[in-house]
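Using my numbering, the first residue of the sequence shown is number -3, and each one after it goes up by one. Quick notes on the structure that follows.
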Amino acid sequence: MIQEILNALNWRYATQVFDTEKRVSPEEMRAILEAARLAPSSFGIEPWKFLVIENPEVRAKLREVGFGQPKITDASHLVVVARRTDVREHITQELIERCAKQQGVDPSKLDGLKNMVEGSLAARSDAEVDTWVRSQTYIPLGIMIETAALLGIDAGPMEGFMPAGVDEVLGLKEKNLTATSMIAFGYRGEDSAAKRPKVRRPFEEVVEFVK
-3 MIQEILNALN WRYATQVFDT EKRVSPEEMR AILEAARLAP SSFGIEPWKF LVIENPEVRA
57 KLREVGFGQP KITDASHLVV VARRTDVREH ITQELIERCA KQQGVDPSKL DGLKNMVEGS
117 LAARSDAEVD TWVRSQTYIP LGIMIETAAL LGIDAGPMEG FMPAGVDEVL GLKEKNLTAT
177 SMIAFGYRGE DSAAKRPKVR RPFEEVVEFV K
């Protein structure tokens, strides 16, 4: 299992060219999205939404605001990772209700969690809250990339797009959302980058054991 994981992570790369004919199965795509849903988040607030863009016309519009990147339209699937913009107003009550319902706990027993979340939000400016929420969305993004690799599926994550443009195309502002990243899933095409050796700093340079 250990070697399988490492092999998959060494095999994967940020795919730029996708085979337009090959499709990811619904079952595999569901597994990738389910892995993202199960991602951890600070306090368990889950301040994200994953939008699977199935409409070809919408994907074409997203390509226009995504600096013309071919993978936006060429890959089998495209997912937009969006973050909540109404965290300060609604997230605490939603979290308490979700925990109470799913764990069978009286909401009054969750006052400690409620106070921690509210205290954390109160200590931050609006800009700091948005930065905090934005950073949370990269956790499920990374999990989707790894899950895809374990399934032998290529992924091409993107930050190179105009967020306001994506928000407008998808009507995200009205949903109290804003785009953070996009990720394309599918199978690599004739991409010279796939044949290049992976460039990473050595283990000893990036890992330090503090004893």
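By construction, the Cβ of each residue, glycine as well, lies at the ideal position given by its N, Cα and C atoms.
Item                                                                                                      : Value
Pairwise C-alpha distance: L34 and K67                                                                    : 26 Å
Proximity below 8 Å, CB of R19 to CB of S104                                                              : no
Short Cβ contact (8 Å threshold) for P153 with S177                                                       : yes
Three-state secondary structure (DSSP) of I32                                                             : Correcting the residue identity first, residue 32 is Ala in this sequence and not Ile. Of the three classes helix, strand and coil, the one that applies to A32 here is helix, per DSSP.
Outcome for L5 when other beta-carbon atoms lying within 10 angstroms are tallied against a minimum of 16 : exposed
A175 beta carbon less than 8 Å from that of A78                                                           : yes
Close beta carbons around I87, own chain, < 6 Å, minus the five adjacent residues each side               : I41
Closest Cα partner of I141 within the set S21, A27, V125, L106                                            : A27
C-beta atoms of I92 and L74 nearer than 8 Å                                                               : no
Residues near P36 by beta carbon distance below 8 Å, same chain, minus five either side                   : I135
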